[in-house]
Ligand code: BEZ
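In the numbering used here, the protein residues as written are 635 to 794.
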């Protein structure tokens with residue numbers, strides 16, 4: 635069953651590539667005591683994700699943070715090298731934290747994974763966005779496959 639509003643984020647670990655190398659980022663350190671916007675995409679560098687989804691969060695990052703959000707996280711079932719390269723390509727700087735869920739463990743724990751084997755992409759994350767306040771989900775927006783409607787930065791801004 636998928637995570638829902640009011641639920642706690644499960645214990646898990648993601649990975650981030652920085653100038654120091656590849657480091658684990660636990661969900662405990664990411665979400666405890668903070669207000670976080672987490673959005674997930676089916677794949678780094680895929681057209682909709684690169685043209686609309688991630689650029690929207692980069693564009694609106696200041697407005698989102700002005701509403702009390704400490705961190706904006708972009709997550710995908712890709713490796714940390716790919717996530718870092720995608721962030722560099724999109725000039726995210728420190729506006730959006732680019733995290734890898736390489737084996738889809740976190741997406742599965744959230745119940746927000748999807749089977750994209752027919753597209754040659756294996757198991758990936760659904761496209762979604764959530765607002766998390768001190769590890770509790772307070773808003774959850776999950777898009778239908780192939781759509782980028784609900785989980786956009788513009789929509790999240792309205793919910794904050
Ligand atoms: C999607 O938006 O659902 C999607 C994007 C890229 C590849 C496969 C699916």
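Ideal Cβ placement from N, Cα and C applies to all residues, glycine included.
Determine the burial state of residue i: buried for a count of at least 16 other Cβ atoms within 10 Å of its Cβ, exposed for fewer.
i: residue 718; result: buried
i: residue 636; result: exposed
i: residue 588; result: One cannot answer for residue 588 here, as it falls past the ends of the chain, which runs 635 to 794.
i: residue 653; result: exposed
By DSSP, does residue i sit in helix, in strand, or in coil?
i: residue 742; result: helix
i: residue 791; result: helix
i: residue 638; result: coil
i: residue 723; result: helix
i: residue 657; result: strand
i: residue 784; result: coil
i: residue 672; result: strand
i: residue 778; result: coil
i: residue 734; result: strand
Kindly indicate the opening and closing residues of the alpha helix (DSSP H) around residue i.
i: residue 665; result: 661-665
i: residue 696; result: 695-700
Span of the beta strand (DSSP E) holding residue i?
i: residue 710; result: 705-710
i: residue 729; result: Premise fails: residue 729 is in no beta strand (DSSP E) and is neither H nor E.
i: residue 762; result: 762-767
i: residue 652; result: 647-652
i: residue 757; result: 757-759
i: residue 749; result: 747-749
Verify whether the separation of the beta carbon atoms of residue i and residue j is less than 8 angstroms.
i: residue 741; j: residue 749; result: no
i: residue 690; j: residue 763; result: no
i: residue 715; j: residue 651; result: yes
i: residue 649; j: residue 733; result: yes
i: residue 747; j: residue 758; result: yes
i: residue 794; j: residue 705; result: no
i: residue 684; j: residue 724; result: yes
i: residue 774; j: residue 662; result: no
Could you tell me whether the Cβ of residue i comes closer than 8 angstroms to any Cβ of chain C?
i: residue 668; result: The chain inventory of the structure shown lacks chain C, comprising one protein chain alone.
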